[in-house]
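Numbering (UniProt numbering), first residue to last: 1 to 545.
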C-alpha cells in the first residue's frame, strides 16, 4: 500500500495542487469577483421597514418593463444570499415562456431601494473574477472541456485512492497526529504531512467523492440510461427530475391579494428581515401564486430555498409544490456538501481552512518524496566513484521533480497573485482583457519553472516564497493606489466581504513569509552542523531541511 500511496500521489500531485488552490479560491468567488469589479457600487444600507415600499415600487416596474407573456416575475430584496453567494440589492427579474425542455429568455433591472427607479447599468471592467477561478478547478484552462473534465476526474479518483491507502499505510496515523519533531529533515516533513492529513481527513474524503458526483452523468452514464433511457428524451427527463421543473405556465399578472399581508405572515414564521425574494408565477394546472423565499435555509441543500406560498388572488396560504424526488434530493445534498452553499460564516471559514490544509497535504507529500530520494541519492554519491546510467537517470528525474515542486508549490500562488495584479494594472478598455488576466497567471507560473531551473534550488525556493509574499502583501497597497474600494472605504462602510479580501491578502503574505523564514533557518542550521554549505552543493542539494 505504501508504494501505491506514494506513486499515486506523485503522478497526480501537481494537478491536484492546482485543483485545490483554484477550488479553495473559487469557494469565495463572489468576494473575489466583487473585488475585481471595483466599478460596482457598494451595497446601500436599507431599513427593514422599507420592505413593503420596495415591493410596491418593484411591482410597478415589473408591470412597465416585463414582457406581457412572462412566465414568472421575481423581486429580490436587499440581503446577503448563500447560494449563489452574493450581496443583493433591490432588483426585478422575469422569465419569458419557453419551449419544452428549455428555459425561457430572462431579463431584469437593478432598482434604487429608496426611489424605486431603475438604476443606470454599471459596466464593470471585463474580468473572469472569482468565477473564472472556480471554473478552472474542474475545467482547467487552454484545453477542450471534455478533456479537462476527464483529466480532473481521473486525478480526483486517484486522490481518493491516495487518501484510502494513506490511512491503511499509516496504522498509527491518529497517534502520529500528536507527534511533530521539528528540525529532523525527512521525519519532520512526514510528521507535517500526517498532521495536516488527519486534521481534515473527513473533508478530503467528502470533497473528493462529491467532486466526482458533480459529473456523475458524464463519468458514469449507464445508471442514468438504465433508469431514463439512452435517448435525448430520457436525458431531458433526468435533468428535469434534478431541477424538479415539470409545469406548463400561463402569463403572470399583478397579484390581487396585498403582498404586505403575505410578508407579515412570513415574518411571523421566520422572524424579522428574513425574506430574500418574492416569486410570482401561474402554473397552467393551478392557481397563480406568490412564493416568498427565506434569506437563509436550515439543512444541507444546494439550490432549494425555504419558501412559503400564498394564493395570488385571495392571499390564502397554499401547500408547497411537492415535487421532491430521491434523484434530485440526493444530487442536491451531495452538491451542497461539495460547495458548502449552506454554510454560515463560521462554517465557511472551516471550509476555507480545510481547503488550505488540502493544499498543504499535497505540498508536503510532494516535498517528502524528494527529501527521501535526495537522501538516498546523496548516500550513493558518497560511496560511488562514478554513477551508472540508471543512477544518472534517477538523478535527472529527482531534479525534475524538485523543479516541478518549486515551480508549482511556490510558483502557482505567485501566478494567482499576478492574476489579481493584472486586474488592477491592465487597461480597462483593453481587448480580451479577461483572457489576459489568465495569461498573466500562467505566464508568471511558467516563469517560476524557468527560475527554478536557473537558480540553485534552495535559493529558488526562498526567493520565490519571498516574491510571493511581497506580491500578496502589496495587493492592498495596489488597490489603494488604483481604486476607491480600499480598506479605508470598505471597513468604514462595513463591507467586510470586500475588506476581507484585502485582509486575506495580508494574511497569505504572512504565511509565505513564515514558511520562507522557517525554511531558511532550518537550512542554515543544517549547513552549520554539517559544514557543507558551499555554492556547489547549494545547486545540487534538495529540499531536505
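C-beta atoms are modelled at their ideal positions from N, C-alpha and C, and glycine is treated no differently.
At least 3 beta-carbon pairs within less than 8 Å: the region 32-46 vs the region 59-75
No, the region 32-46 does not touch the region 59-75.
In this structure, does DSSP put residue 319 in helix, strand or coil?
Correct three-state label for residue 319: coil.
Rounding to the nearest angstrom, what Cα-Cα distance links residue 415 and residue 269 in this structure?
Taking the Cα positions, residue 415 is about 49 Å away from residue 269.
Look at the alpha carbon of residue 461 and the alpha carbon of residue 218, and state the distance between them as a whole number of angstroms.
Linking residue 461 to residue 218 through their CA atoms gives a straight-line distance of about 39 Å.
Nearest residue (CA-CA) to residue 409, options 13, 7 and 9:
Ranking the options by Cα distance to residue 409, first place goes to 13.
Using DSSP with H/G/I as helix, E/B as strand and the rest coil, what is residue 217?
In the displayed model, residue 217 falls within a helix according to three-state DSSP.
Classify residue 92 as helix, strand or coil using the three-state DSSP reduction.
DSSP places residue 92 in strand when its eight states are reduced to three.
Where do the N-terminal and C-terminal ends of the alpha helix (DSSP H) with residue 34 fall, by residue?
Here the alpha helix (DSSP H) through residue 34 covers 29-36.
Can residue 129 and residue 36 be called in contact, C-beta distance under 8 Å?
Cβ distance < 8 Å, so residue 129 and residue 36 count as in contact.
Count the other CB atoms within 10 Å of the CB of residue 349; is the residue buried (16 or more) or exposed (fewer)?
Under this definition residue 349 is an exposed residue.
When you compare the region 467-482 with the region 509-526, are there three or more beta-carbon pairs, one atom per stretch, that lie closer than 8 Å?
Flag = yes, the region 467-482 and the region 509-526 touch.
Own chain residues within Cβ distance below 7 Å of residue 6, not counting five before or after:
Within the same chain, residue 6 has close Cβ partners 369.
How big is the Cα-Cα spacing for residue 407 and residue 512?
Their Cα atoms are separated by approximately 15 Å.
Terminal residues of the continuous alpha helix (DSSP H) containing residue 439?
From DSSP, the alpha helix (DSSP H) with residue 439 extends over 433-454.
Measure the CB-CB distance between residue 597 and residue 133 and report whether it falls below 8 Å.
Residue 597 lies beyond the stretch modelled for the chain, which goes from 1 to 545, so this question has no answer here.
N- and C-terminal bounds of the beta strand (DSSP E) containing residue 296
For residue 296, there is no enclosing beta strand (DSSP E), since its DSSP letter is neither H nor E.
Cβ pair residue 472, residue 499 closer than 8 Å:
Using a Cβ distance threshold of 8 Å, residue 472 and residue 499 do not count as a contacting pair.
Leaving aside the five residues before and after residue 17 along the sequence, list all residues of the same chain whose C-beta is less than 8 Å from its C-beta, in chain order.
359, 362, 363, 366, 408, 409 and 412.
Taking the straight line between their C-alpha atoms, what separation do you get for residue 143 and residue 137?
Approximately 13 Å between the Cα atoms of the pair.
Can you give me the Cβ contacts of residue 80 inside the same chain, cut-off strictly under 6 Å, excluding the 5 residues immediately before and after it?
Answer for residue 80: 87, listed in chain order.
Cβ-based burial, residue 437 [other Cβ within 10 Å; buried from 16]
Looking at its Cβ environment, which holds 16 or more other Cβ atoms inside 10 Å, residue 437 is buried.
Over the uninterrupted alpha helix (DSSP H) stretch that includes residue 225, give me the two end residues.
Note, residue 225: alpha helix (DSSP H), 222-228.
With 16 other Cβ atoms within 10 Å as the buried cut-off, status of residue 233
Around the Cβ of residue 233, a 10 Å sphere holds fewer than 16 other Cβ atoms; the residue is exposed.
Rounded distance between the beta-carbons of residue 76 and residue 91, thought under 8 Å
Contact flag correct, Cβ pair sits at about 5 Å.
Whether residue 111 touches residue 53 by CB criterion (8 Å)
Between residue 111 and residue 53, the C-beta spacing is not below 8 Å.
What three-state label does DSSP hand residue 250 in the structure shown?
Assigned with DSSP and collapsed to three states, residue 250 falls in coil, not helix or strand.
Which residues in the same chain have their Cβ closer than 6 Å to the Cβ of residue 564, if we skip the five residues on either side of it in sequence?
Here the chain covers residues 1 to 545 and nothing more, so residue 564 does not appear.
Can you tell me where the beta strand (DSSP E) holding residue 459 begins and where it ends?
Per DSSP, residue 459 lies in no beta strand (DSSP E) segment; the continuous alpha helix (DSSP H) that holds it begins and ends at 457-473.
Can you tell me whether residue 226 is buried or exposed? The criterion is at least 16 other CB atoms within 10 Å of its CB, across all chains shown.
Around the beta carbon of residue 226, fewer than 16 other beta carbons lie within 10 angstroms, which makes this residue exposed.
Quick check on residue 520: does DSSP put it in helix, strand or coil?
In this structure, residue 520 counts as helix in the three-state DSSP scheme.
Hey, how far is the Cα of residue 221 from the Cα of residue 194?
Those two C-alpha atoms are separated by around 37 Å.
Based on DSSP bridge pairs, tell me the residues matched to residue 309.
Beta-bridge pairing links residue 309 to 291 and 318.
Does the beta-carbon of residue 3 have 16 or more other beta-carbons within 10 angstroms, so that it is buried, or is it exposed?
Result: exposed.
For the candidate residues 520, 347, 320 and 131, whose alpha-carbon lies nearest to that of residue 458?
Checking every option, the nearest Cα to that of residue 458 belongs to 520.
State buried or exposed for residue 319, treating a residue as buried only when at least 16 other CB atoms are found within 10 Å of its CB.
With a 10 Å radius around the Cβ and a threshold of 16 neighbouring Cβ atoms, residue 319 comes out exposed.
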